Amino acid sequence: MRSEERHQRLLTLARQEGRVEVAGVAAVFGVAPETIRRDLSELERRGLVRRTHGGAYPVESAGFETNLAQRVTLHVENKRRIAAEAVKLLGGAETVFVDEGYTPQILASLLPTDRPLTVVTASLPTAAAIADSANTTVLLIGGRVRARTLASVGSWASAMLSGFVIDLAYLGSNGISREFGLTTPDPAVAEVKAKALAVSRRRVFMGHHGKFGASSFCRFAEVSDFETIITDTGLSTAEAHRYALLGPQVVRV
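The sequence shown runs 480 to 732 under this note's numbering.
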């Protein structure tokens, strides 16, 4: 099997499964593990995957994005720790924007229910998960629903957000880098995220370490727009410090 054919099959497998393991793929392809490591390094150099210990997972781009079913199975423990840390920053906020995605969905389930709180979200699963709380008012912004993420996007969603002043926004992204800021593959998604950022007094970014250094098609924010970045310890102390130099506090959990 030629290297280009291996690269394509590796990328396809990573996108289908959410990640690939060096040992398993080497056995299937009938090549040495070192060959697969070189292949994954080349795919990482081209911005198509991110390497992890023993494997790699795909980088989301304009032509590829994981769906919600995949997101609820990847980096789950990291996402739970990140969400639990993020909810500590709620403070006295009375209105909160909760972004689409699995980590924000976890965070929403951890929000306090013993005091009045208004939660604004574009995510149908998030709205459904917290709508039965007696003290929580859920505002689901309208628009076209993306099948991949079950979140509303587009001009209707942005127009609704423009009428609010929100105390705290919890936002995620498909990639975050010091050079390109926060990015996402879909312009319609970027529009909603940018509007939520613009109408919020405080902004917190939540994302597992694999998102750092990755970039996608549409930029919607700068690193300096956030007061706090919360991630896991997979992001090195040195790299966390480099992001902190741009303005936000960086918390690793």
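Beta carbons are placed, not taken as given, at the ideal position from N, Cα and C, and that holds for glycine.
Owing to the predicted nature of the structure, the values given are computational and were not obtained by experimental measurement.
Report the three-state DSSP secondary structure of residue i (helix, strand or coil).
i    : result
L725 : coil
D646 : strand
S695 : coil
A700 : strand
T707 : strand
V732 : coil
S482 : helix
T574 : strand
V683 : strand
H688 : helix
K672 : helix
K558 : helix
V678 : coil
T716 : helix
E579 : coil
To which residues of the same chain is residue i closer than 8 Å at the C-beta, ignoring the five residues directly before and after it?
i    : result
R698 : F659, G660, L661, T662, A669
L527 : L490, P537, V538, S540
V510 : M480, R485
Given this structure, state the Cα-to-Cα distance separating residue i from residue j, to the nearest angstrom.
i    : j    : result
A506 : S641 : 53 Å
N653 : F691 : 9 Å
A562 : D518 : 34 Å
S631 : R625 : 6 Å
P512 : R530 : 14 Å
L629 : E718 : 33 Å
T616 : F576 : 12 Å
A636 : A587 : 19 Å
S695 : H688 : 16 Å
L492 : R485 : 10 Å
A638 : I709 : 29 Å
H532 : R481 : 25 Å
G622 : E579 : 14 Å
L650 : E523 : 26 Å
F643 : I620 : 11 Å
D711 : R560 : 8 Å
L596 : P664 : 31 Å
Q495 : M685 : 25 Å
E701 : L590 : 26 Å
Who are the Cβ neighbours of residue i in its own chain at under 6 Å, not counting the five residues just before and after it?
i    : result
Q728 : T707
A572 : D646, L647
R680 : D646
L618 : V599
A610 : V617
I'd like to confirm the pairing. Which residues does DSSP put opposite residue i in its beta bridges?
i    : result
L661 : I655, A700
Once you ignore the five residues that flank residue i on each side, which residues in its own chain have a CB closer than 7 Å to its CB?
i    : result
D704 : L676, R682
Q584 : S602, P604, T605, A608
R516 : V501
Along the chain, which unbroken stretches of the beta strand (DSSP E) at least 3 residues long are found entirely within the region 581–641?
596–600, 615–619, 623–625, 630–632
What runs of the beta strand (DSSP E), each 3 residues or longer, lie entirely inside the region 489–540?
528–531, 534–537
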